Amino acid sequence: MKCQHCEKNAIFHITELTDPSGPTIIHLCEDHARVFFQTGESLETSTALSSLLAKQLQLEKAANEMAETDKKTCPMCGITFSEFRKGGRLGCPYDYVVFEEDLEPLLVNIHGAKKHVGKVPKNLGGTPKRHFQLKRLRSALQRAIDAENYEEAGAIRDKIKAVENGTLELDDHEMELMELEEEFQTLPDDLPQIDDSDAEDLDDDLDDESDSEEDPDIEEDLGDEFDADQDLFGDEDDPDKK
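The sequence shown lines up with residues 1 to 242 when you count with this note's numbering.
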């Protein structure tokens, strides 16, 4: 529906009850609605209508922004943010990168923080961050012992004592490195092996071609032809053969 004063879309539909013959409906766009609310009305009515207009505009702006957000699509799994909002489940870990800005308010609202750290037993003692640092360090210590890397194990043991005493706090980079090492250890042992037989066959073919280029029989034949040419053209200049 168009605004009664221009060709813009009408977003406000106001019903007036001032006419004794019955209610009158006015269809206005945003600009003409603002003019209508600012003129010809009592202060109290104008303030209330202006507040209503502001709320309406905020809702429309939020709706437009949400429509744009819903169109975001993960290039890895193809899920859209709209599908996530409706189903409540993400499609792959990369969604956390694609929808990061839009997921942060949800995480803060649910967990009170951007990063979920899970539940910590009440009798654990210390802070949750220290608890997870010790957990990572003990896992790294066990890996070093299993690999018989006792020098590294000793260094990790010293870090564990320092964290327990509160004299050391690992930074995020160290925590991420230990987490990556731990995930690497969980990879299956039966990963598919790369077949290098084709590469070996190619090396053999190249060696054969190289050997053929250095064939002594070919070199000998070329040498004989060169000597024959020398005899043919060299007799004219040789005084002993005249």
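All C-beta atoms, glycine included, are put in the ideal place defined by N, C-alpha and C. Source: prediction; values computed, not measured.
Taking a contact to mean a Cβ-Cβ separation below 8 Å, would you say residue i touches residue j in this structure?
i	j	result
residue 155	residue 181	no
residue 13	residue 32	no
residue 133	residue 98	no
residue 69	residue 84	no
residue 92	residue 76	yes
residue 96	residue 106	no
residue 179	residue 136	yes
Ordered along the chain, which non-local residues of its own chain (more than five positions away) have a Cβ less than 7 Å from that of residue i?
i	result
residue 124	Residue placement at residue 124 is poorly supported in this model, since its pLDDT is 47, which falls under 50; the coordinates are not used for a value here.
residue 29	3, 6, 8, 9, 10, 11
residue 74	91, 92, 94, 95, 98
Can you list, in chain order, the residues of its chain with a C-beta nearer than 8 Å to that of residue i? Leave out the 5 residues immediately preceding and following it.
i	result
residue 138	160
residue 144	150, 152, 153, 156
residue 71	80, 81, 82
Could you give the residue range of the beta strand (DSSP E) that holds residue i?
i	result
residue 25	24 to 28
From which residue to which residue does the alpha helix (DSSP H) around residue i run?
i	result
residue 95	95 to 98
residue 85	81 to 87
Could you check what DSSP says for residue i in three-state terms: helix, strand or coil?
i	result
residue 13	strand
residue 44	Confidence in residue 44 is poor, its pLDDT being 42 and thus under 50, which makes the residue's placement too unreliable to answer from.
Ordered along the chain, which non-local residues of its own chain (more than five positions away) have a Cβ less than 6 Å from that of residue i?
i	result
residue 1	10, 27
>> Threshold first: 3 residues or longer. Then list the beta strand (DSSP E) segments lying entirely within the region 127 to 186, N to C.
In response: none
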